[in-house]
Amino acid sequence: MRTIIEPFKIKSVEPIFFTSKEERIKILEEAFYNPFLIHSNKVLIDLLTDSGTSAMSSDQWAGIMRGDESYAGSPSFFRFEAAVKNITGMPLVIPTHQGRASEKILFSILGGKGKYFISNTLFDTTRANIEFSGAEGIDCLCKEGKMPTIPAPFKGNMDLELLEKTILEKGAENIPLVIITVTNNSGGGQPVSMANIKAVRKICTANKIPLFIDACRFAENSYFIKLREEGYQNTSVENIAKELFSYADGCTMSAKKDAFANIGGFLAMNDPALAQQCRNLLVITEGFPTYGGLAGRDLEAIAIGLAEVLDENYLQYRIRSIEYLTNKLIEAGVPVMQPAGGHAVYLDAKGFLDHIPVNQYPGQALVGALYLKGGIRGVEIGSLMFGKYDEQGKLIPAQMELVRLAIPRRVYTQSHIDYVAEVIIEVFQNRKQFKGLSIVEEALLLRHFTVKMKPIN
Amino acid sequence: MNKPIKRSWAEPYKIKMVELIKMTSPSERRKALNDAGFNTFLLKSEDVYIDLLTDSGTSAMSDRQWAGMMLGDEAYAGSRNFYHLEEVVKDVYGYKYLIPTHQGRGAENILSKILIKKGDIIPGNMYFTTTRLHQELAGGKFEDVIIDEAHDSESEFPFKGNIDLEKLDKLVKKYGAEKIPYVSMATSVNMAGGQPISMQNLKELRKYTKKHGIRVIHDMTRVAENAYFIQQREKGFADKTIKEIVKEICSYTDGATMSAKKDALVNIGGFLAVNDWDVFEEARNMVVVYEGLHTYGGLAGRDMEAMAIGIGESVGDDHIKARVGQVIYLGEKMMEYGVPIIKPIGGHGIFVDAKKFLPHIPQNFYPAQTLAAEVYLDSGVRTMERGIVSAGRNAKGENYCPKLELVRFTIPRRVYTQAHMDVIAESTARVFERREKIKGLKMIYEPKYLRFFQARFERIK
């Protein structure tokens with residue numbers, strides 16, 4: 001097979017920042033071993049998130065210049081609306097400043113005490129918004145999705161039996177929505193198969209429950225379907241995406257992922273009554289229905305990005321880059337989540353730093369080690385992010401201790417990725433020298449953003 | 001005969017990039033207006049010739065701001081643009097702690113949720129639509145404490161945005177200071193016609209609230225325009241720069257909500273700024289739920305950079321002089337044609353008095369909404385109703401009936417030329433000439449919140 005190259009060339013560059021090891025020791029100490037507290041100009045390769053960090057295309061930048069900033073009725077909105085309608089087939093489109101605002105609005109209307117939202121896996125902000133409304137979120141992920149090192153093609157699938165059982169148990173009338181997250185971010189960016197979505201649709205129809213898609217990475221998921229699911233090899237990714245949305249009654253989207261935008265999101269749906277309710281809330285916290293808290297130029301950038309992301313040469317390059325890094329690490333014996341997901345590499349910190357117990361946060365220790373060795377910034381997805389305390393104040397750890405290295409879209413080259421692999425492997429070879437961490441200061445909610453920590457000697 | 005040679009002033013900038021606008025025919029405008037249910041908010045901007053709907057988010061950015069857009073650092077945490085913005089806010093406004101938000105109402109939402117408890121009273125110098133709604137949704141009740149002159153369209157008092165301290169004192173005596181979490185103080189009071197508050201009044205307010213342990217929260221979206229009026233009208237400020245005056249205004253308050261889409265010359269963005277660490281900490285936790293992480297608050301890095309640069313430009317003396325000068329030019333032109341407007345002329349737009357313009361249309365037939373529709377029909381100029389439709393309903397479902405029934409001609413910053421101003425004044429004058437033939441409207445669709453955005457109307461027969 002020939003080398004897969006980037007299906008673009010570079011039009012504008014941005015400096016990255018080199019630091020010495022001595023500087024990084026000091027920076028890490030001053031940031032209390034929390035990557036969220038490091039200034040971005042002290043980071044060499046920033047893999048904190050793939051959200052809002054994409055490089056836009058020259059067409060998108062042209063759209064930025066073309067943005068019409070009228071408060072009401074901007075043509076930029078109508079172009080945005082047409083682009084969303086084209087892919088989702090949903091007639092009612094509501095822009096928001098980003099994905100969590102879409103969720104906030106949707107769950108304020110449909111949530112409340114005694115309600116249950118069922119999903120393959122709810123993402124952390126989604127779950128937070130559901131619980132904030134008084135409702136409860138239930139994950140029904142298939143069994144193979146919970147086993148990090150065992151490969152399977154569609155580890156994001158819903159466990160259909162468990163779904164039916166849960167609906168029976170909680171009562172269909174108490175379930176305002178079933179939500180499928182594509183790809184499954186919290187579960188390692190793993191895809192959901194079309195067959196699974198169809199089956200969920202059938203169950204939803206039988207129980208008269210609407211089905212929504214959390215669509216942040218719909219294009220990556222559609223491409224996995226093309227690669228891995230029988231019967232889709234000759235279908236275009238665009239048509240796969242359209243089919244995927246055709247089984248849903250609505251969707252929430254953070255355009256900061258698969259629309260290559262630095263800001264923005266939307267809600268789309270079929271039900272006019274629900275859309276009217278959403279718009280009534282939209283004007284309170286977001287903005288007027290034809291801008292939703294976004295500049296006109298950002299609506300343009302999203303409209304253009306939605307078309308670009310369905311280019312199969314791009315998706316081949318995108319999925320292959322993640323796989324490339326994952327395979328390099330597997331060859332070196334580094335414990336990683338398998339198979340490679342769509343947007344990030346997930347290191348298994350429990351296996352990686354097996355001398356550090358979970359109550360000393362091996363994930364966060366590994367994040368620190370990667371920064372120290374190579375100026376790389378990743379994020380812990382483990383007991384620091386999801387851990388809770390029992391009544392005695394003892395840590396209830398998360399299921400897995402992962403470090404996510406999310407790859408921004410179109411930003412880094414293969415040399416950057418090679419460097420990342422080298423740093424990880426070097427840390428792995430010297431892993432015994434890294435120590436666990438203890439918490440100095442923490443907030444009650446979403447503590448990982450602001451927590452202060454120190455190494456345990 | 002030798003006429004004295006006039007010395008004109010001109011804009012302190014030249015044009016670097018233009019945006020094309022569309023001319024429409026009367027029949028196209030009739031159709032567009034019908035399709036929009038006689039609500040100017042529902043017109044497509046493509047069908048608008050000169051768009052005076054709002055000065056919010058519609059400014060022309062400078063070449064430096066556009067250059068800043070290219071310097072956007074889109075890192076999720078610790079973006080350089082955030083630290084730049086933080087530094088500028090401290091330097092220009094003097095507030096200690098900054099939380100960026102995607103726009104002003106994002107900041108109002110967070111602030112109201114933190115400071116207001118159920119049953120609280122929030123006094124303010126006239127309501128603003130989104131501000132009052134957030135106060136009500138948080139369980140509070142807004143009480144108007146603006147001076148009476150503000151409600152009198154005839155009064156030419158120079159500081160019609162002032163707070164009546166006696167009214168405030170009555171509230172404190174009636175409810176107790178502990179029921180009043182803060183005074184909501186706006187500079188350039190929008191609903192009063194962009195009227196300023198004086199420095200003297202602010203000082204007195206600070207003294208009074210300090211005594212009673214009440215915070216002053218500053219709705220600062222047009223603080224620079226307010227500062228200009230202080231410089232021009234208040235004794236002792238003629239030799240001070242706009243920047244100095246702005247900083248002094250802020251120094252008498254404890255925190256602020258800002259929609260940067262006005263004064264700060266950006267198309268999107270806002271912030272919450274406070275001096276109180278505890279409020280800041282709570283806001284920082286809350287912003288993650290509604291907006292985004294506290295170093296981006298739901299904004300792209302580039303938009304924080306444009307804001308930081310825009311704030312610096314907004315307090316330039318030449319900039320503000322040209323800005324307010326253009327508004328005054330339009331207002332004086334309208335007065336020459338006999339069009340009834342709110343005086344003195346405010347900082348960001350001309351407010352036409354619809355009750356006087358259309359005295360034969362009673363308030364329940366929406367004279368201001370009607371007038372906005374008629375101006376659009378005449379020339380394609382889009383304005384906004386600020387009267388009974390905007391005021392909405394109280395908790396019991398009764399219409400608020402504001403004394404002022406206005407049409408707002410808001411001037412975007414740095415966008416239109418003097419020739420555009422002439423077209424606007426002439427079109428309004430033409431509608432004024434045929435005012436007696438104009439009939440009112442009735443509302444046929446009314447949304448629950450902020451109804452003026454999406455309500456639909458038809459002409460009464």
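Protein sequence lines correspond, in order, to chains A and B.
To convert, note that position 426 of the first sequence is 426 in this note's numbering; the numbers rise steadily by one, no gaps.
To convert, note that position 182 of the second sequence is 182 in this note's numbering; the numbers rise steadily by one, no gaps.
Glycine included, each C-beta is placed from N, C-alpha and C at the ideal position.
All values reported here derive from a predicted model rather than from experimental measurement.
In the three-state reduction of the DSSP assignment, residue 58 (chain B) falls in the coil class. Of all residues in the region 362-393 of chain A, none has a C-beta nearer than 7 Å to a C-beta of chain B. Counting the other CB atoms within 10 Å of its CB gives residue 300 (chain A) a total of 16 or more, which places it among the buried residues.
Fewer than three Cβ pairs drawn from the region 59-69 of chain A and the region 395-404 of chain A lie within less than 8 Å of each other, which leaves the two stretches out of contact.
As the crow flies, the alpha-carbon of residue 127 (chain B) is around 14 Å from that of residue 389 (chain B). A:102 is the residue among A:6, A:53, A:102 whose C-alpha sits nearest the C-alpha of residue 251 (chain A). Looking at the DSSP output, residue 455 (chain A) bridges to A:437.
Relative to the Cα of residue 138 (chain B), the nearest Cα in the group A:285, A:118, A:319 belongs to A:285.
For residue 73 (chain B), a Cβ of chain A is located within less than 8 Å of the residue's own Cβ.
Between residue 376 (chain A) and residue 384 (chain A), the C-beta gap is not smaller than 8 Å, which leaves the two residues out of contact. For residue 452 (chain A), the CB contacts under 6 Å within the same chain, skipping 5 residues up- and downstream, are 32, 440, 441 in chain order. Residue contact check for residue 86 (chain B) against chain A: no CB pair falls below 8 Å.
Listed along chain A are 97, 293, each with a C-beta nearer than 7 Å to that of residue 102 (chain B). Between residue 51 (chain A) and residue 134 (chain A), the alpha-carbon positions lie close to 27 Å from each other.
Taking a contact as a CB-CB distance under 8 Å, the pair residue 411 (chain B) and residue 52 (chain B) counts as one, their CB atoms being some 7 Å apart. In the assembly as shown, residue 433 (chain A) is an exposed residue. Its beta-carbon has fewer than 16 other beta-carbons within 10 Å. In its chain, beyond the 5 residues on either side, 268, 269, 270 have a beta carbon closer than 6 Å to the beta carbon of residue 90 (chain A). Neighbours of residue 71 (chain A) in chain B, taken as residues at a C-beta separation under 7 Å, are given in chain order as 53, 54, 56, 57, 58. With respect to the 8 Å criterion, residue 293 (chain A) and residue 47 (chain A) are not classified as neighbours on the basis of their beta carbons. Listed in chain order, the non-local C-beta contacts of residue 422 (chain B) below 8 Å within the same chain comprise 333, local neighbours out to five positions each way being set aside. Straight through space, the alpha carbons of residue 200 (chain A) and residue 40 (chain A) are spaced by roughly 42 Å. Excluding residues up to 5 positions away in sequence, 342, 353 lie with their Cβ nearer than 6 Å to the Cβ of residue 153 (chain B) in the same chain. Take residue 108 (chain B), set aside five residues on each side of it, and the residues of its chain with a beta-carbon closer than 7 Å to its own are 130, 131, 134, 257, in chain order. Identification of residues in the region 416-431 of chain A having a C-beta nearer than 9 Å to some C-beta of chain B yields an empty set. Ranked by how close their Cα comes to the Cα of residue 19 (chain B), the residues B:192, B:417, B:233 have B:417 in first place. Just measuring C-alpha positions, the residue of B:61, B:183, B:441, B:142 sitting nearest residue 363 (chain B) is B:441. Taken in chain order, the complete beta strand (DSSP E) segments of 3 residues or longer contained in the region 210-248 of chain B are 215-219.
Pairing residue 387 (chain B) with residue 185 (chain B), the inter-Cα distance amounts to about 21 Å. In the DSSP assignment, residue 257 (chain B) is bridged to B:219, B:272. Annotation: the continuous alpha helix (DSSP H) that includes residue 320 (chain A) extends over 312-331. Between residue 106 (chain B) and chain A, the shortest Cβ-Cβ separation is below 8 Å.
Between residue 60 (chain A) and residue 304 (chain A), the gap from beta carbon to beta carbon is short of 8 Å. Taking a beta-carbon distance threshold of 8 Å, residue 104 (chain A) counts as an interface residue toward chain B. For residue 182 (chain B), no chain A residue has a Cβ inside 8 Å of its Cβ, as the nearest lies near 20 Å away.
No Cβ-Cβ contact shorter than 8 Å links residue 182 (chain A) with residue 157 (chain A). Non-local C-beta neighbours of residue 157 (chain B) in its own chain, meaning closer than 7 Å and more than five positions away in sequence, comprise 149, ordered along the chain.
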